Amino acid sequence: MNDLVDHLFRHHSAKIVATLTRVFGSRHLDLAEDVVQDALVKALQQWPFKGVPENPAGWLTLVAKNRALDLLRRDESLASKAEQLELALPHHASAAVASDVEMDDQLALILMCCHPALPVEYQIALTLKTACGFSTAEIARAFLTPQTTIAQRLVRAKRQIRDHDIVIDPPSADDLPVRIDSVLRVIYLLFNEGYAATSGDDLVRADLCEEAMRLGTLVITHSPQRQPAAHALLALMMLQAARLPARTLKDGTLAVLAEQNRALWDRKLIGLGMRHFGASAEGDTITTYHLQAEIAAVHATAASEEDTDWPKLVELYNDLYKLEPTPIVLLNRAIAISRCQGPHAGLTALAEIDAHNSLRNYHLLPAVAAELWKQAGDNQRAAQAYQRALECPCSAPERAFLETQLQRLN
Amino acid sequence: MPNYLLFLYSEPDAFNETSPAEMQAIIQKYRDWRMRLQKTGVIVGGEKLQDGTGRMMRRTGGETSVIDGPYTESKEIIGGFFEIQAENYDRAVEVASDCPHLEYGGTIEIREVEMIVTSAGSGE
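So the protein sequences, as listed, match chains A and B. Under the numbering used here, the first sequence has 283 at position 294, and the numbering climbs by one with no breaks. Under the numbering used here, the second sequence has 95 at position 79, and the numbering climbs by one with no breaks.
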């Protein structure tokens, strides 16, 4: 019996949904999703007994197509689409190589899901559901949001697609850059959610990172616009993802950058990331992705914590702050300052952030302060700061990390 | 060694909300279970039955009636069956007990296939 390619169901179902939506039109997105779900359920009911077919992807496409043709015959308003469907879904579809048309369909679907007329949280939910093949429950788990909220977002997003008459057809050349920017932003948010690991289901989160990189690759291969920004985003994601294997220790606790075993970093992914970083240098626009990718590149190419080009990082964080004046950027800048100018300089930089109320409950702010007080030799203040960090909401591994740090002081 | 039929009952719409990734994982589990048993010759066959109701026939007073059925109280229907070889019911139950079907809320009915002993000797 044949083995199934990783993520075949998720990716192939997204692919068929994309093609069916193009044929049916964006108002019938639900119909496209139902047809594909039916095909998957059919496989689930049949394959355990009959075995996995020779060409599982082709099987799914064929069953979905027949089901769609059945529906088209019953609905007069859609009857004229049958011929188009026949052309759009060839019999011999295989999972290994997606045709250019299929890739275009997928990009068109993502562009539709990320339409700027939709609120960004709708864009995210819709992209995961239709373009990545996540279920409502999986999206809810990934974002620690109740399933009913996600279901509601999806219903409203689809309603807005109908109300605003958002079509799946590719945007005009004039509109494309803005639309691609919107897609890149959603990809960036997906990746960050997967990477942040504040809490929640690890498996689904790893999938988010993987999906974000897949979508980024899809944009690069199939959009003529915003190539440098897309390369920068992909470089950023790959360089960050390369460090993931070293971030969790065997006992499940988190390892900070300085403690990470750099031998565990994924060198192949770093290499790929650096290639995309090189490709991002074309053109004359510097996006936030460019700066963040360069920051990630400085870390990924440093042999050790001490060996890191911290003055360069301070400079990059200064530039980033001009594009993104957020307290998080300042926090990272303060860390970089402390590494090249000492803990007291870092603490002074940190003090500037306290004015931002939005970070009041953010555990990393007091946690960084604690670390810097410790380096400055003031264990009492360090302990107080760790206590403050523990009062903030954070994940179990982070909490364990903070508690260990606090115990080490005493 | 006698043969046993494993009838797998399930609710037809049990997986309507299952995600693509979960469905793939479930199929993979069935596959692993089946491969393991096929290798040792325990599983000798299996068929998926068509969804929906079949036909029930009955003859009363020379009149044959054919109706859709069976209609049962429970929502579960037989999705398909496997045929296995086992020494006895205990062993058949053991084989079925790690079938993924049970993990996903389905029911398994096990029936031994009766071997007819012919006048010529054994029924093998």
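The beta carbon of each residue, even a glycine, is placed where N, CA and C say it ideally should be. It should be emphasised that the depicted structure is a prediction, and the values quoted were computed from it without experimental measurement.
Alpha-carbon to alpha-carbon, residue j and residue i
| i | j | result |
| --- | --- | --- |
| F98 (chain B) | D48 (chain B) | 15 Å |
| L22 (chain B) | C115 (chain B) | 10 Å |
| L115 (chain A) | C103 (chain A) | 8 Å |
| Q281 (chain A) | F123 (chain A) | 28 Å |
| L305 (chain A) | I284 (chain A) | 7 Å |
| A85 (chain A) | L(-3) (chain A) | Low local confidence applies: a pLDDT of 45 at A85 (chain A) is under 50, so the model's placement there is unreliable, with the coordinate-based value given in what follows. So the alpha carbons of these two residues sit roughly 10 Å apart. |
| T80 (chain B) | E63 (chain B) | 29 Å |
| A372 (chain A) | T138 (chain A) | 39 Å |
| K55 (chain B) | I100 (chain B) | 12 Å |
| A143 (chain A) | L117 (chain A) | Residue identity differs from the one stated: residue 143 (chain A) is Leu in this sequence, not Ala. Each residue's Cα considered, the two are about 10 Å apart. |
| M263 (chain A) | F180 (chain A) | 18 Å |
| E271 (chain A) | P217 (chain A) | 6 Å |
| F31 (chain B) | G78 (chain B) | 43 Å |
| P105 (chain A) | K147 (chain A) | 14 Å |
| G96 (chain B) | V60 (chain B) | 14 Å |
| P166 (chain A) | A219 (chain A) | 11 Å |
| A131 (chain A) | C383 (chain A) | 16 Å |
| S336 (chain A) | R328 (chain A) | It should be noted that the sequence gives Leu, not Ser, for residue 336 (chain A). So the two alpha carbons sit approximately 11 Å from each other. |
| P316 (chain A) | P355 (chain A) | 13 Å |
| R63 (chain A) | D67 (chain B) | 21 Å |
| K301 (chain A) | I128 (chain A) | 38 Å |
| Q73 (chain A) | S66 (chain A) | 14 Å |
| L78 (chain A) | L246 (chain A) | 48 Å |
| H153 (chain A) | A21 (chain A) | 19 Å |
| L238 (chain A) | S69 (chain A) | 58 Å |
| A102 (chain B) | A41 (chain B) | 28 Å |
| L395 (chain A) | V357 (chain A) | 13 Å |
| T125 (chain A) | R74 (chain B) | 47 Å |
| N55 (chain A) | V82 (chain B) | 30 Å |
| V287 (chain A) | T393 (chain A) | 29 Å |
| E75 (chain A) | Y310 (chain A) | 52 Å |
Nearest neighbour of residue i, chosen from the options [CA to CA]
| i | options | result |
| --- | --- | --- |
| E313 (chain A) | A:H279, A:P300 and A:T337 | A:H279 |
| A331 (chain A) | A:S347, A:V318, A:L348 and A:E360 | The displayed chain sequence assigns Gly, not Ala, to residue 331 (chain A). The shortest C-alpha separation from G331 (chain A) is found at A:E360. |
| I307 (chain A) | A:L319, A:W299, A:T297 and A:D298 | Residue identity check: residue 307 (chain A) is Asn in the sequence provided, not Ile. That would be A:L319, whose Cα lies nearest to the Cα of N307 (chain A). |
| V175 (chain A) | A:A57, A:S384, A:L204 and A:Q396 | A:L204 |
| I113 (chain A) | A:A140, A:I157, A:D94 and A:D93 | A:A140 |
| D240 (chain A) | A:A68, A:Q396, A:Q214 and A:P386 | A:P386 |
| H0 (chain A) | A:C198, A:V287 and A:C121 | A:C121 |
| K91 (chain B) | B:R71, B:G121 and B:V82 | B:G121 |
| K257 (chain A) | A:T237, A:L228 and A:T274 | A:L228 |
| Y375 (chain A) | A:A126, A:L353 and A:G366 | A:L353 |
| N350 (chain A) | A:R377, A:F38 and A:W362 | A:R377 |
| D296 (chain A) | A:A325, A:D19 and A:K311 | A:A325 |
| Y20 (chain B) | B:R74, B:T69, B:V133 and B:R107 | B:R107 |
| L460 (chain A) | A:A32, A:L51, A:E294 and A:F13 | Within the shown structure, residues of chain A are numbered from -10 to 399, placing residue 460 (chain A) beyond reach of any answer. |
Under 8 Å between C-beta atoms of residue i and residue j
| i | j | result |
| --- | --- | --- |
| L416 (chain A) | P42 (chain A) | Any answer about residue 416 (chain A) is impossible in this case: the structure gives chain A only from -10 up to 399. |
| A289 (chain A) | A230 (chain A) | no |
| S171 (chain A) | A224 (chain A) | no |
| A97 (chain A) | R11 (chain A) | yes |
| Y111 (chain A) | R145 (chain A) | yes |
| R370 (chain A) | L379 (chain A) | no |
| E105 (chain B) | I126 (chain B) | Reading off the sequence shown, one finds Tyr at residue 105 (chain B), where the question assumed Glu. Yes, the pair counts as a contact, with Cβ atoms nearer than the cut-off. |
| L53 (chain B) | H117 (chain B) | no |
| A338 (chain A) | T276 (chain A) | no |
| I155 (chain A) | M101 (chain A) | yes |
| A53 (chain A) | V24 (chain A) | yes |
| W36 (chain A) | I43 (chain B) | yes |
| Q149 (chain A) | L197 (chain A) | no |
| Q95 (chain A) | A3 (chain A) | yes |
| V109 (chain B) | V58 (chain B) | no |
| F390 (chain A) | L233 (chain A) | no |
| T119 (chain A) | L18 (chain A) | yes |
Within chain E, the residues that residue i reaches when beta carbons sit closer than 9 Å
| i | result |
| --- | --- |
| L(-7) (chain A) | This model lacks chain E altogether, as its protein chains are A and B. |
The ligand NAD heavy atom lying under 7 Å from the CB of residue i
| i | result |
| --- | --- |
| E65 (chain A) | Here there are no bound small molecules, and the ligand NAD is not part of this structure. |
Q.
Under 8 Å, CB to CB, which of the residues in the region 7 to 36 of chain A have a partner in chain B?
A. Going along the region 7 to 36 of chain A in chain order, one finds Q26, L29, V30, A32, L33, Q34, Q35 and W36 with a Cβ nearer than 8 Å to chain B.
(Q) For the region 104 to 138 of chain A, list every residue whose C-beta sits within 9 Å of some C-beta in chain B, in sequence order. (A) Listed by position along the chain: G122, F123, S124, T125, A126 and E127.
(Q) Counting only Cβ-Cβ distances shorter than 8 Å, please list the residues of the region 32 to 44 of chain B near chain A, keeping chain order. (A) N32, E33, T34, S35, P36, A37, E38, M39, Q40, I42, I43 and Q44
Q: Taking only beta carbons into account, state which residues of the region 48 to 70 of chain B come closer than 9 Å to chain A, listed in chain order.
A: Those residues of the region 48 to 70 of chain B placed with their C-beta closer than 9 Å to a C-beta in chain A are W49, R50, M51, Q54, G62, E63, K64, L65 and D67, ordered along the chain.
Q | Residues within the region 36 to 52 of chain A neighbouring chain B, beta-carbon criterion of under 8 Å | A | W36, P37, F38, K39, G40 and V41
Q: Run through the region 226 to 308 of chain A for me and flag every whole alpha helix (DSSP H) of 4 or more residues, listed as ranges in chain order.
A: Entirely contained in the region 226 to 308 of chain A, the alpha helix (DSSP H) runs reaching 4 residues are, in chain order, 233 to 236, 256 to 268 and 277 to 289.
Q: Kindly provide the ranges of any alpha helix (DSSP H) runs that are 4 or more residues long and lie completely inside the region 84 to 111 of chain B, ordered along the chain.
A: Fully enclosed alpha helix (DSSP H) runs of no fewer than 4 residues are not present anywhere in the region 84 to 111 of chain B.
Q. Mind listing which residues of the region 77 to 97 of chain B have their C-beta closer than 9 Å to chain A's C-betas, in chain order?
A. G95, G96 and F97
Q: Only counting runs of 3 or more residues, tell me where the beta strand (DSSP E) segments fall wholly within the region 123 to 194 of chain A, in order along the chain.
A: none
Q: With 9 Å as the C-beta to C-beta threshold (strictly closer), list the residues of the region 139 to 154 of chain A near chain B in chain order.
A: none
Q) Between the region 336 to 368 of chain A and chain B, which residues of the former have CB atoms less than 8 Å from a CB of the latter, in chain order? A) Correct list: empty, as no residue qualifies.
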